[in-house]
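Last residue of the sequence shown: 342 in my numbering, with the numbers rising by one and none dropped.
Since the structure comes first, as structure tokens, the remarks are kept for the end.
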Amino acid sequence: MTIAITLIEGDGIGPEVTAATVRVLEATGVDFEWEPHPAGVAAMDEHGEPLPEALVESVRRNKVALKGPVTTPVGRGFRSVNVQLRKRLDLFAALRPIQTLPAIPGHFGNVDLVVVRENTEGLYSGLEHEVVPGVVESLKIITRAASTRIARFAFEHARAQGRKRITAVHKANIMKLSDGLFLQCFREVAEEYPDIRADDRIVDNMAMQVVVRPLKYDVLVLPNLYGDILSDLCAGLVGGLGVVPGANFGEGIAVFEAVHGSAPDIAGQNIANPTALIRSGGMLLEYLGLSEEARRVRAALDRVMAERGIRTADLGGTASTSEFADALVAEIESG
Ligand code: NAI
Ligand code: MG
Numbered sequence: 008m009t010i011a012i013t014l015i016e017g018d019g020i021g022p023e024v025t026a027a028t029v030r031v032l033e034a035t036g037v038d039f040e041w042e043p044h045p046a047g048v049a050a051m052d053e054h055g056e057p058l059p060e061a062l063v064e065s066v067r068r069n070k071v072a073l074k075g076p077v078t079t080p081v082g083r084g085f086r087s088v089n090v091q092l093r094k095r096l097d098l099f100a101a102l103r104p105i106q107t108l109p110a111i112p113g114h115f116g117n118v119d120l121v122v123v124r125e126n127t128e129g130l131y132s133g134l135e136h137e138v139v140p141g142v143v144e145s146l147k148i149i150t151r152a153a154s155t156r157i158a159r160f161a162f163e164h165a166r167a168q169g170r171k172r173i174t175a176v177h178k179a180n181i182m183k184l185s186d187g188l189f190l191q192c193f194r195e196v197a198e199e200y201p202d203i204r205a206d207d208r209i210v211d212n213m214a215m216q217v218v219v220r221p222l223k224y225d226v227l228v229l230p231n232l233y234g235d236i237l238s239d240l241c242a243g244l245v246g247g248l249g250v251v252p253g254a255n256f257g258e259g260i261a262v263f264e265a266v267h268g269s270a271p272d273i274a275g276q277n278i279a280n281p282t283a284l285i286r287s288g289g290m291l292l293e294y295l296g297l298s299e300e301a302r303r304v305r306a307a308l309d310r311v312m313a314e315r316g317i318r319t320a321d322l323g324g325t326a327s328t329s330e331f332a333d334a335l336v337a338e339i340e341s342g
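What follows is the structure, given as structure tokens:
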């Protein structure tokens, strides 16, 4: 059976890490049919718009996409393609598993956290305007519908994965209405899940807590901006952005992408770590019900990194992106 997947290679290190991921996923023997689509600057050049309709249609049709990072101009230019895509497809939940890998023991013990980020509103509504010269306003939108939906997603995920505790993260002491509503919806949903412990933390305290006692936490559910920031912070607990995978879920549709961005500082040098996107590819396999193939990808990553000591530069190794992928492909094909 052929499985059609929309492939957004993105820019910066995107083409390098997506090429590595496609090779690793194909090594499992699954018959993928990739539908490549440009996004961002590349799409501007080809189609005159950063998020072409053909790309959106392709994801709608295939229901699954693998996506590399797309650069967003800072302070000017087009709006984030990543944010727009999440909105267009209503990919309301970003799921980022933060786990210590056997190859990267680190200072924080055996971290096993899940970050669940609300993905469609909050301060990413893109509603900004100049009130009068020298005064601008960014609108933070929090709705009962989206807050309830993300809370329910977090509880359902926790239950399915046998997780025991969910912590809502907010700043409801200051933003009493917006974060207050987010927290209220979380508490209402929590009542439907008496088997799961529900509590909450104020976001600045949470940032300290995950560094000092990360093993105490299980699932975190956060509004958009806090989820974005704490995802990168948590990545730092387990080896950095080079290893943390992610997925964006809507109703019956999913886009798999790493937490990291396009890393322009190392782009085009064949040195980026493709592990984060490869692990996102592992999540894609699980989503498609291909658990055995997903297990083989995870096992290959552990063997190549932990046992054979083959790593990219961000983890202190000397392997290039493509050499690392070569080792994984050989491992999967021989395993
Ligand atoms: P970034 O995540 O691209 O890079 C931060 C740091 O981590 C850099 O030093 C980079 O070299 C390193 N890094 C990231 N991924 C790595 C990997 N796979 N292997 C080794 N090192 C890695 O964040 P930054 O620099 O703030 O953003 C760059 C661009 O990416 C911006 O235009 C931003 O808007 C965009 N971005 C896109 C995302 C997406 O497409 N989903 C997500 C985050 C940022
Ligand atoms: Mg981010």
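The beta-carbon is built from N, C-alpha and C at its ideal position, and this holds for glycine as well.
Under the three-state reduction of DSSP, which class applies to residue i: helix, strand or coil?
{"i": "Glu42", "result": "strand"}
{"i": "Gln191", "result": "helix"}
{"i": "Thr325", "result": "coil"}
{"i": "Arg204", "result": "strand"}
{"i": "Ile317", "result": "coil"}
{"i": "Ile181", "result": "coil"}
{"i": "Leu335", "result": "helix"}
{"i": "Val311", "result": "helix"}
{"i": "Val250", "result": "coil"}
Identify which residue in the options has its Cα closest to the Cα of residue i.
{"i": "Glu258", "options": "Arg83, Lys94 and Gly19", "result": "Lys94"}
{"i": "Ile285", "options": "Val24, Gly296 and Asp97", "result": "Val24"}
{"i": "Leu73", "options": "Thr13, Leu102, Arg315 and Ile148", "result": "Thr13"}
{"i": "Ala205", "options": "Leu190, Leu146 and Val88", "result": "Leu190"}
{"i": "Thr319", "options": "Ile15, Ala332 and Ala307", "result": "Ala332"}
{"i": "Arg220", "options": "Val311, His114 and Tyr200", "result": "His114"}
{"i": "Asp202", "options": "Glu163, Asn180 and Ala175", "result": "Glu163"}
{"i": "Arg103", "options": "Ser154, Ser341, Met290 and His136", "result": "Met290"}
Need the endpoints of the alpha helix (DSSP H) that residue i sits in, please.
{"i": "Ile236", "result": "Asn231 to Ala242"}
{"i": "His164", "result": "Arg151 to Ala167"}
{"i": "Asn255", "result": "Element bounds for Asn255: not the alpha helix (DSSP H) but the beta strand (DSSP E), Ala254 to Phe256."}
{"i": "Asp211", "result": "Val210 to Val219"}
Terminal residues of the continuous beta strand (DSSP E) containing residue i?
{"i": "His177", "result": "Arg172 to His177"}
Residue i: buried (16+ other C-beta within 10 angstroms of its C-beta) or exposed?
{"i": "Lys183", "result": "exposed"}
{"i": "Asp18", "result": "buried"}
{"i": "Pro271", "result": "exposed"}
{"i": "His44", "result": "buried"}
{"i": "Gly55", "result": "exposed"}
{"i": "Asn180", "result": "exposed"}
{"i": "Ala306", "result": "exposed"}
{"i": "Asp186", "result": "buried"}
Original post:
If you scan the segment 259-302 from start to end, which runs of the beta strand (DSSP E) of 3 or more residues do you find wholly inside it?
Top reply: Scanning the segment 259-302 for uninterrupted beta strand (DSSP E) segments of 3 residues or longer gives 261-263, listed from N- to C-terminal end.
**OP:** Taking only runs that begin and end inside the segment 10-89, name each unbroken alpha helix (DSSP H) of 4 or more residues, in chain order.
**Re:** Here the runs fully enclosed are 21-34, 48-54 and 60-69.
Subject >> Length at least 3, wholly inside the segment 92-143: the beta strand (DSSP E) runs in chain order >> reply: 100-106, 119-125 and 135-139
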